Each structure stands twice: as C-alpha cells, then as structure tokens.
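Okay, structure first, notes after.
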Amino acid sequence: MTIFLQLLTSGIVVGMVYALAALGFVLIYKASRVINMAQGYFLALGAFGALAIAQATHLPFVLAVVASLLGSLVLGGIVERLLLRPMIGEPVIGVIMVTIGLAAVLRGGILLAWGAGNFGFPQLLPEAPLTLGPLVVSPVHLGALGLSLAFLGVFAAFFKATTLGVAMRAVADDQQAAQALGVSVPRILAASWAIAAMVAAVAGVVVGSLNGLNADALSFIGLKVFPAVILGGLDSVPGAVVGGVAIGVLENMAGGYLDPLVGGGTKEVAPFVALVLVLMLRPYGLFGTVEIERV
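Using this note's numbering, the first residue of the sequence shown is number 18, and each one after it goes up by one.
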C-alpha cells in the first residue's frame, strides 16, 4: 500500500506539470484549431532561458524565472505574428507543418546555445525529504505541485474574470460571432500563442527543478503531453488538467509495477498506449466537444 501511495503521489506531481504543458496545447487549439508541435521546445526554451538569465545577470533566480516567462510571452506573440498570421486561411495541415518547422528551428537554436548535455537547476527548497505518515516526499516535489496548482488557479481566474480572458473564450467558441461583437480576433490569436508559450515556460521551470535540464528530455515532454490532451479533449481546459494528472499517474504506476516484470520501458510506452485506446474508443476525449459533420 505504501508503494502504491508513493507512486500515486509522484504521479500527481508529474501529472500537474503535464497539465500545465497541456494547457498551452488547448489554448492554441481552442483559438485557432491548430496543434502546435513546437510546444515542447517552448518548454525547454523557458527553462534554459531562466538559467541563462540567472548566470548572465546574477539576478536572484526567482527574478530570472520571471524574466524568462516574460520573454516567452513576447516570443509567443512574435511567432504568431510572423509565422502563423500569414497562414490564416491556409489548410490546417500546412499550419501544422509550419509548427513542425518551428520546432526544428527552436531545437537547433537550443542545441547551438547550450548543447545536448545535462545542466543542474538551482534548488530553492531543501533537499532533505519529509515524512508524511507512510509517505516520504521531497520538498521540491511539494513545491512543484504547489507552483503548478497556483498557476492553474491563476489561469482559471484569468479566463473567468478578465476582459481578455472572456474575449479569448468567445473567440474559441465562435470567431465570427466574436468579431461581430467587436472582438479583435488577430489580437486574441496573438494573445493565445503568447500565453501558451509562457505556460510552457512555467512547466519547463518546474521540470527543471525536479529533474535538471536536458534539451531533448524537456522537449520530449511536449510529446508525452499529447496523450493527456487527447484524453481530456483538445478543446477543454478542465480536460487538460484531468488528462495531465491521469497520464502522470498512469506512467508512474506502469513504471512501478510493470517495469520490474518486463525489464523496463513501460513508463515511456504507457501514455502512448493510452493515446491509441482513447482515439479508438473516445476520439474527442473525456471533455472534448463532439463535432457532427453532415455530408
């Protein structure tokens, strides 16, 4: 039972990180019906950016993280303006190919600047584990969980209580109706990409605090988040949270119980097995909108 609770706790922590990264996927898809294949590299860039700013300016690491998040916000807006806006009206597959090209460019830039090695991340919390009943929990894991929950709460409030958040929801529901009511759709699309890039950077910082930095490992999380997005529903913000936690728990349970039986590897495979099953049984996800097409 203790092993189960330990795996469950770790899975929830990892799942909340996945939920943050999945939120970026959902924001872009809701606003523009585009699947951003470069999301994992925004995640890596945010984490490496925080480390680089801290080393170059000697700022306190918290301020370096804030600067990196603001930089990611600006980068997301620039990407939408220069690469995605000219693609308005083009087939969706063409836009997705643009995001794949963007992923290649970002990966090349990250490897050129930092290489493919592993980098340590400054620890803001003590490393000594805490004993909570039968569980042994790292303060870093608790901090990552708290930070993820805090940001998810902030974004939930943003979408419900701010003018921009409400406008983004309106554009996601019906672009033409929102435009008729005076909402600037291009501005909302730029905001969606900017916020999605910043959310990815937050997830990157959290992952860096847990596992350290590696360009390919961080960007691979963008792929591992895809099953979470499909499970929850591509256009559902609550689904991103539920799907992220579910996939985090699933892969931890698979790693804990199945890896010893088969020699390893199930932790990496389990999310994609879940992806195939969801696409077969419920292609719109648990909370996604079912679209009926008449021909």
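Where a beta carbon is used, it is the ideal one built from N, C-alpha and C, also for glycine.
The structure presented is a predicted model; accordingly, all values stated were derived computationally and were not measured.
Backbone CA spacing between residue i and residue j [nearest angstrom]
i, j, result
"Q192", "Y35", "28 Å"
"P244", "A55", "15 Å"
"G305", "N231", "33 Å"
"S201", "A214", "20 Å"
"Q196", "S209", "16 Å"
"L76", "P108", "45 Å"
"L303", "P146", "36 Å"
"W131", "G225", "14 Å"
"G229", "N135", "7 Å"
"G182", "L292", "30 Å"
"A189", "R50", "9 Å"
"V290", "D233", "22 Å"
"K241", "S155", "23 Å"
"A69", "R124", "16 Å"
"I95", "S89", "10 Å"
"T148", "N269", "20 Å"
"V266", "G137", "26 Å"
"L22", "L159", "15 Å"
For residue i: DSSP bridge partner residues
i, result
"F136", "L230"
"T26", "According to DSSP, which records beta bridges pairwise, T26 is partnered with nothing at all."
"L147", "V154"
Of the listed residues the options, nearest to residue i (C-alpha basis)
i, options, result
"L227", "P203, V157, I247 and A287", "V157"
"L298", "F59, G280, G250 and E285", "G250"
"A287", "T19, Q23 and G28", "G28"
"G63", "V51, K47, L86 and H75", "L86"
"A61", "K284, L128 and R186", "L128"
"A48", "L101, L206, W131 and A271", "L206"
"Y46", "T179, R186, A133 and Q23", "R186"
"L25", "L152, A69, A167 and V279", "L152"
"L296", "G126, V246, N269 and R124", "V246"
"A184", "G273, P203 and P103", "P203"
Run of the alpha helix (DSSP H) containing residue i, from where it starts to where it stops
i, result
"V79", "F78 to V96"
"L68", "Q56 to T74"
"L164", "P156 to A178"
"R299", "Unbroken run through R299: none, as it is neither H nor E."
"E268", "V254 to M270"
"G12", "Nothing in the structure corresponds to residue 12, since the chain is present only between 18 and 312."
Whole-Å CB distance - residue i paired with residue j, under 8 Å assumed
i, j, result
"A211", "G93", "4 Å"
"V43", "S253", "7 Å"
"A38", "A217", "6 Å"
"F78", "P139", "5 Å"
"G57", "G239", "2 Å"
"G261", "G32", "5 Å"
"I264", "L275", "Contact flag wrong, Cβ pair sits at about 15 Å."
"V222", "A71", "With 8 Å as the limit, V222 and A71 do not qualify as a contact, their Cβ atoms being about 11 Å apart."
"V115", "L101", "7 Å"
"I113", "I52", "6 Å"
"V259", "A161", "At roughly 19 Å, the Cβ-Cβ gap does not stay under 8 Å, so V259 and A161 are not in contact."
"A257", "L40", "5 Å"
"F168", "V219", "5 Å"
Residue range of the unbroken beta strand (DSSP E) whose run includes residue i
i, result
"V51", "Per DSSP, V51 belongs to no beta strand (DSSP E) and is neither H nor E."
"L275", "That residue, L275, is in no beta strand (DSSP E); it is neither H nor E in DSSP."
Closer than 7 Å: residue i CB and nearest the ligand SAM heavy atom
i, result
"P300", "Questions concerning the ligand SAM fall outside what the structure shown contains, since it holds no ligand whatsoever."
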